[in-house]
Amino acid sequence: MSGGRKGLTLAERLAEFICSVDYEEIPEEVIERTKIFLLDFIGTTLIASINEFSKYCRELFLEFGGKPESSIIGDRENTSCLYASFINGFTPEIYDWTPDHRQLVHPSPLAIPPALALTEKRGLDGRTLIESVIVGFEVSCRVSEAFLGFQFYTPYPPVFTIFGSAASAAKSLSLNREETVMALGIAGCRGEGLQEWKAGDGLVKPLHVGFAAMNGTLSAILAERGFRGPKTVLEGRDGYLKAYAYKGRCDEEKIISGLGEEYRMMNTAFKPYPVCNPLQPVIENTLYIVKTNRIRWKEVKKVFVKVSSAGQNYPFDRSRYRPRTLVEAQFSIPYVVAASIVRGRFTHLELSRESLNDPDILEMASRIEGVEDPEYTETFLRDPSRIPVYISIRMKDGRDYDNFLDIPMGEPYNPRYEGKAQKFHEAIIDKFRSIVSRITPYKDLSDELIRLVMNLEKLEDIHELTDMLEEEPKEAK
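Here my numbering is used: the first residue of the sequence shown is 84, the next is one more, and so on.
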């Protein structure tokens, strides 16, 4: 196959979709999910903007200058639309707290920053922002799905979502079909990221996302100015799929099947905890056992954990027991289990330097052992929404507490939501409230922010929203 409908390349099919999306024709449930994910993005970006590395990033780009046309979330200073896209893409990824699409891609920090930057720059309305975010999400999800779950053997997933960033930017700029094809073509030649980020201190990982958000925005602007990219950027002989597919394993049909009728973004999960997605059920299961049985960590003799190999290699290697950095902690099963048992919670505070060196957490981690179960891995590979985790906690007095969990609470099809989207949305709103309750002045603005975002289609100028996000957040006392 070469591009789907006869005579059209994959980029041309995507461009048709991007240009045809009209607010009046978008299913209501997709619009509501988009607004909920925007609210989630705002909350996770605000809390991460307190982090020192977000501050370093903002200071650096503000030194570069640029026309003050787009907002930096959590900062009174405005900057160019390109720099704003970078900063607002980089910042939320610091805590790895944004939605995850089937273990493949994080669409929010790629789809949302370009749309915010460009709609604000041009004084556009809320409906345009919604349209732009939707196409950004959808293109990100579809291109990532084409790699059939083998993304962990290829460059880091945000390379896939640069197409979502370009799609979001192209929609915000109202590019025509040919210009949108060119934007996608240019973006595909600017993919960012390598798995080798793991060999460093980990902060290259969120930089990948910032670069992809900025380069997707730039690709659309270049296309608007007449620059041209390859129409066969995805399926061509030397195109994206050939370059990044693991041993040639990919399926072009995943990109275009049901395009415009089936919204894959609806299968995207939110993250209750600031860690990689395979560790979401690990924390959830640990906290369930601890809280249900009122466990005190000093009374714990040992902990046994059984997981799939989803998302990481050698999860119980000795190096995992004492993470040196925030990012290492986000991928460490022994650390997150220990911190959850000792603290009875897992938030961004458990990723601080003080927490990484907490002698209680490190002592608890030494009591944890685990294995990878091949059957769990097979379950995950069949259905990425299922991430089986079994945890057993043995107490010093001989009592045992255990639990098995396989569909994390962040998954939209978790039975707790009973198939009702509203319950899923309420869980994300609860997450937002919990996050902003920890930061001033936003803890006093949460109701107003929720109201604005959930009525986004009524905003005539997106500045009504971005103006509320200019105050620098601080940890609440």
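We treat Cβ as the ideally placed atom computed from N, Cα and C, and that holds for glycine.
Query, Result
"Chain D beta carbons: is any one of them nearer than 9 Å to that of N171?", "As a matter of chain content, chain D is missing from the structure shown, which is built from one protein chain."
"With distances taken Cα to Cα, identify the nearest neighbour of A504 among C102, M349, G343, T162.", "M349"
"How is G87 classed by DSSP in three states: helix, strand or coil?", "For G87, the predicted structure reports a pLDDT of 49, less than 50, and the residue's modelled location is therefore unreliable. A value from the coordinates is still provided. Coil, per DSSP."
"If we ignore side chains and look at the alpha-carbon of each, how far apart do D480 and R379 end up?", "12 Å"
"For the alpha helix (DSSP H) containing I269, name the first residue and the last one.", "260 to 271"
"Can you tell me whether DSSP reads T523 as helix, strand or coil?", "strand"
"Count the CB pairs spanning the region 485 to 493 and the region 412 to 429 that are closer than 8 Å, and state whether there are at least three.", "no"
"Hey, S191 and F124: beta-carbon distance below 9 Å or not?", "yes"
"Output the residue ranges of the alpha helix (DSSP H) runs that lie fully inside the region 345 to 390 and measure 4 residues or longer, sorted by chain position.", "363 to 375"
"Take R273 as the anchor and find which of E411, K389, N298, D183 has the nearest alpha-carbon.", "N298"
"Excluding the five sequence neighbours on either side, which residues of its own chain have a C-beta within less than 6 Å of the C-beta of T351, listed in chain order?", "P182, H184"
"Out of L193, A131, M478, L201, state which residue places its alpha-carbon closest to the alpha-carbon of G293.", "L193"
"Check each candidate in Y346, K381, K354 and name the one with the smallest Cα separation from S449.", "K381"
"Put L542 into one of helix, strand or coil per three-state DSSP.", "coil"
"Compute the distance between the beta-carbons of V536 and K118, then report whether it is under 9 Å.", "yes"
"Please classify G87 as buried or exposed, where buried requires at least 16 other C-beta atoms within 10 Å of its C-beta.", "In this prediction, G87 has a pLDDT of 49, which is less than 50 and means its spatial position is unreliable; nothing more can be read from the coordinates."
"Give the single residue among Q234, L145, G343, L199 whose Cα lies nearest to the Cα of H189.", "Q234"
"R477 bridges to which residues according to DSSP?", "K385, D483"
"So, at 7 Å on beta carbons, what are the nonlocal neighbours of L290 in its own chain, with the 5 sequence-adjacent residues on each side left out?", "F173"
"Determine the closest residue to L199 out of A253, L231, D443, with distance taken between C-alpha atoms.", "A253"
"Can you check which of these residues, E228, Y106, G90, P175, is closest to H431 by C-alpha distance?", "P175"
"What's the gap between the Cα of I545 and the Cα of T202?", "7 Å"
"Any idea what DSSP makes of K281, helix, strand or coil?", "helix"
"Using only CA atoms, which one of K314, N376, L143 lies nearest to D483?", "N376"
"For V316, count neighbouring Cβ atoms within 10 angstroms of its own Cβ and tell me buried if that reaches 16, exposed if not.", "buried"
"Out of curiosity, what's the CA-to-CA distance linking A131 and E555?", "11 Å"
"Per DSSP, I451 forms a beta bridge with which residues?", "V386"
"Leaving out five residues before and five after E553 in sequence, what residues of the same chain have Cβ atoms less than 6 Å from its Cβ?", "R159"
"By DSSP, does N161 sit in helix, in strand, or in coil?", "strand"
"Report back the beta-carbon spacing between T462 and R469 to the nearest angstrom; my notes put them in contact at under 8 Å.", "5 Å"
"So, does the region 324 to 342 touch the region 204 to 218, judging by three or more C-beta pairs under 8 Å?", "no"
"According to DSSP, simplified to helix, strand and coil, what is V472?", "strand"
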